[in-house]
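In the numbering used here, the protein residues as written are 38 to 166.
Quick look at the structure:
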């Protein structure tokens, strides 16, 4: 006698066997080498290493083989003087790190000069890599 329980059990066993056979007999995919560029660009938020210096953060990023950085507001972000900003941008660029975002920038004043300064800061930072 073929009951509904037997039907469901047979279907589940058949589905599991099909899934297992597909993965067992599938050709092994080749993984790209470590030196080969990936189509996915993985980045990092500087907030991840907020308790470390810029030099340490750069060292960690090199160890992780990650070269895209979102410079959040805890390090190398507004407000900074021009010399500190230039030094930070030079450090990142010389390490091959590309800044691709500037984190959250708040517009607390509705003044054209303040807004313009923030946009110029982003343009300078994002053009360094």
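Cβ coordinates follow ideal geometry from the N, Cα and C atoms, glycine included.
Exercise. Using the beta-carbon count (16 or more within 10 Å), is residue 136 buried or exposed?
Worked result: buried
Exercise. Per the contact definition of three or more C-beta pairs closer than 8 angstroms, is the segment 80-92 in contact with the segment 123-142?
Worked result: yes
Exercise. Does the distance from the CB of residue 108 to the CB of residue 162 come in under 9 angstroms?
Worked result: yes
For this session: Report the three-state DSSP secondary structure of residue 82 (helix, strand or coil).
Result: strand
Exercise. Looking only at C-alpha atoms, which of 79, 42, 53 sits nearest to residue 134?
Worked result: 79
Exercise. How many angstroms separate the CA atom of residue 86 from the CA atom of residue 139?
Worked result: 15 angstroms
For this session: Name the two residues that bound the continuous beta strand (DSSP E) containing residue 150.
Result: First-last for residue 150: 149-163, but that is the alpha helix (DSSP H), not the beta strand (DSSP E).
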